[in-house]
Amino acid sequence: RTAMASLRQGPGDNLHGGLLVEGFDQESCHSRYQSAMYRRNPGRQPSEHLVSKLRRHEALQRRCGPGTAAYSDALEQLKSGKNAASPECKYLVSISYRGLGNRILAAASAFLYALLTDRVLLVDPSNDMGELFCEPFPNTSWLLPPGFPLWSFNQDTPERYGRMRENGVLRTDVSNGGSPANSKAADMPAFAYIHLDWNQTDHDQLFFCDEDQRLLSNFQWLVMRTDSYIVPGLFLVDTFRQKLATLFPEPDAVFHHLGRYLFHPTNHVWGLVTRYYSAHLGWAQRRVGIQVRVFPRSPESPELLERITKCTQKEGLLPRVVDTEEPAVTAAPPTGAGRGVKSNAVVITSLKAWYYEQMKGMYWENATAGGEVVVVSQPSHEEYQHYGVKSHEYKAWAEIYLLSLTDLLVTTGKSTFGYVAQGLAGMRPWVLLGQANGTAGNNRPPCSRDVSPEPCFHIAPLHDCKRRRDSGKIVPHVRHCEDVPTGLKLV
Ligand code: GDP
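Position 217 of the sequence shown, counted from 1, bears residue number 249 in this note's numbering, the numbering being contiguous throughout.
Next comes the structure, spelled out in C-alpha cells:
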C-alpha cells in the first residue's frame, strides 16, 4: 500500500478512500460527507486508477457540460441532424424510466460507459431524478437541461442503433486500412439511440461487441434507454476489458464504488434516513435488513413468511424463537437495563405491512433462546407502486438506503430495489429464492447467500459476439446469476 492510500484509508474516512472529492457545499447535500458515519462496515477501497479517472472525468463534465460553449455547439450540431466530424466533446444521454432501483442501475451503467468512452453523461431528469440525488460532479450539473430535444425514443426511432445495423445504414465490415467501411463520421446521423429495453433485438445487442463499439465511438451524441445493470456486458467487450481491470481490480465491487460515488440522497431524503436510523436502528448491537418485495395484487403468503423466518434463524441472522411451551430465558428486569443481552433491530421494507406484523408478533409472543431482544420495524407500506408521486419516491429511496446501512441483509431475488441496497453496502445478501407467492422448489433451502454484492444484468446477451460461447463462460469474473439464470453478474 502506498503512503497516499494509507492516508486515504484512515478511520472516519468520509470520502470513501478518495472516491469522493472535497469542495462541495456541505449544506446543499448533507449525506455526501455524513453517510460514512452511518456505516459500521467501511466498505471497499477504490483503486488509485479509479480515483484519478474520476477526477479527470469530473473535469470533462465541467469543460463540456450544460452552460458551456462546447455544450451549446454540440446541441446546435444535434439539431442540425448531422454528426460532427471531430467534436470537442461527446455526450451520452441516459433516459430515466421505471422503478427507482431500475433507474439507479441504469444511471450507474451509463456512467461507467461514459467513463470508458470519455463521454459527458447527462441524465434525463424525469421521475424526480434531480429531487432524489445530489449532483455528483462538482461545479456542473449531470441533469439534461430543458431544451434538449428529447423526442420519444423507442423501437421505431430511425436512429435506433440496432435498426441502423440491421438495415445496413451502419456497417462494421472492414475496408483496407482497418476503418469501418462507412464510418465517415460527418455522413452519419447526428446521434445513435441505443435501445436496451426489454424488447431489444439481437441487433440492439451488438452494442456489446467490439467492432460496434468502434462504430459507436464516431457519434457525437448517444442516447441510451435501459432499465438494467448492463455493466457485466461491458466486461465482455474486448476494448473495455483491460481498462475495466485497471479501474476495478475487484470486479465484485464495481457497483459498490459507482453507487457510493453517484447516489447521494438529497437533504429531504437524508432526513428520512437519519431520523429513522436514530429511532429504530442506531442503538442496536446488530442491525438486520429484510427486503420483502411483493406485488400489489399478490396475496399474503404464509410460505414466504416461513421462508423469511427459517432463513433468518437457520443462518443465524436473528435469534431463534422458542416454542411458547418451552422454558424461556426471561428478559432482564428494567434495573439491569439489558446488560449482556444482545439487541437486534430489524428493518423490513415492503409494499405491505403483513410480513412485518407477523414477525413483530412472533418476537413478542415467543421468547428467544438466549433472551436476546429483537425489535422489528417497517418505515412504510405504500401498498402500490405510485408513479410520479414525489413522497413515494422519497420513501423508496430512503428505504433502499436504510437497508444498505444494516449489518446483515436479506433480499428478494430479481429485485433491483434490493440490488441497490446490497451494492451500496458492499454486502453479499441472503437471497430469498422462489416466487413472491411462496412457491419455492420443495427441497430448496429458504434462502441462499449471494456470491457477490453485484446486481444481476437481467436481459443480457446469451452468447459472445461470434455466437460460439455462452456469455457466462467467456471471462472469469462474469457469471450467470442464481436468481435470473440467463442474467449475468460480476463475481
Ligand atoms: P424492482 O421492481 O423490485 O426491481 O424495484 P424498483 O425499485 O425498480 O421498482 C419497484 C418500485 O416499487 C420502487 O421503486 C418503489 O416505488 C416501489 N416499492 C417496491 N418495494 C418497496 C418497498 O419496500 N418500499 C417502498 N417504499 N417502495 C417500494
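By construction, the Cβ of each residue, glycine as well, lies at the ideal position given by its N, Cα and C atoms.
How is the beta strand (DSSP E) around His512 delimited, first residue to last? 510 to 512 is the span of the beta strand (DSSP E), which, as asked, contains His512.
Name the residue from Gly133, Val407, Gly113, Lys85 whose alpha carbon lies nearest to the alpha carbon of Leu456. Of the candidates Gly133, Val407, Gly113, Lys85, the residue whose Cα lies closest to the Cα of Leu456 is Gly133.
Let me know the beta strand (DSSP E) ranges lying completely inside the stretch 215 to 276, each 3 residues or longer, listed in chain order. List check, beta strand (DSSP E) in window: 223 to 228, 253 to 258.
How would you call Ser382, buried or exposed, if buried means at least 16 neighbouring beta carbons within 10 angstroms? Ser382 is buried by the Cβ-count criterion.
Would you say the beta carbon of Arg257 is closer than 7 Å to some non-hydrogen atom of the ligand GDP? The ligand GDP has no heavy atom closer than 7 Å to the beta-carbon of Arg257.
Output needed for Pro177: all residues of its chain with C-beta closer than 7 Å, excluding positions within five of it in sequence on either side, in chain order. So the list reads Pro98, once near-sequence residues are dropped.
Could you tell me which residues DSSP puts in a beta bridge with Arg500? Residue pairing from DSSP leaves Arg500 without any beta-bridge partner.
Taking any heavy atom of the ligand GDP as the mark, which residues have a C-beta closer than 6 Å to it, listed down the chain? Around the ligand GDP, the residues whose beta-carbon falls short of 6 Å from at least one of its heavy atoms are Arg130, Gly131, Leu132, Gly133, Asn134, Arg325, Thr381, Ser382, Leu383, Ser412, Glu414, Gln417, His424, Lys427, Ala428, Glu431, Ser447, Thr448, Phe449, given in chain order.
For Asn299, the three-state DSSP class (helix, strand or coil): Three-state result, Asn299: helix.
Is there contact here, the stretch 114 to 128 with the stretch 249 to 259, by at least three beta-carbon pairs under 8 Å? With contact defined as three or more Cβ pairs closer than 8 Å, the stretch 114 to 128 and the stretch 249 to 259 are in contact.
Residue of Val354, Ala377, Arg246, Pro281 minimising C-alpha distance to Ala311: Closest by alpha carbon: Ala377.
Quick one, which of Arg95, His418, Glu163 has its alpha-carbon nearest Thr172's? Taking only the C-alpha atoms, the option nearest Thr172 is Arg95.
Can you name, in chain order, every residue of its own chain whose Cβ lies under 6 Å from the Cβ of Ala35, other than the five neighbours on each side? Below a pLDDT of 50, predicted positions are generally treated as unreliable, and Ala35, at 41, falls in that range; the measurement from the model is reported next regardless. None.
Which residues bound the alpha helix (DSSP H) around Ser112? For Ser112, the enclosing alpha helix (DSSP H) covers residues 101 to 112.
Local Cβ density within 10 Å of Gln317, reported as buried at 16 or more and exposed below that: Under this definition Gln317 is an exposed residue.
Please classify Asn199 as buried or exposed, where buried requires at least 16 other C-beta atoms within 10 Å of its C-beta. So Asn199 counts as exposed.
Per-residue DSSP class, three states only, for Leu350: Collapsing the DSSP output to three states places Leu350 in coil.
Confirm, please, whether the CB-CB distance from Ala285 to Gly458 is below 8 Å. Against a cut-off of 8 Å, the Cβ pair of Ala285 and Gly458 comes out as a contact.
Within 10 angstroms of its Cβ, does His296 collect 16 or more other Cβ (buried), or is it exposed? Buried, because 16 or more other Cβ atoms sit within 10 Å of the Cβ of His296.
Helix, strand or coil for Arg151? Go by DSSP, reduced to three states. Three-state DSSP puts Arg151 in coil, outside helix and strand.
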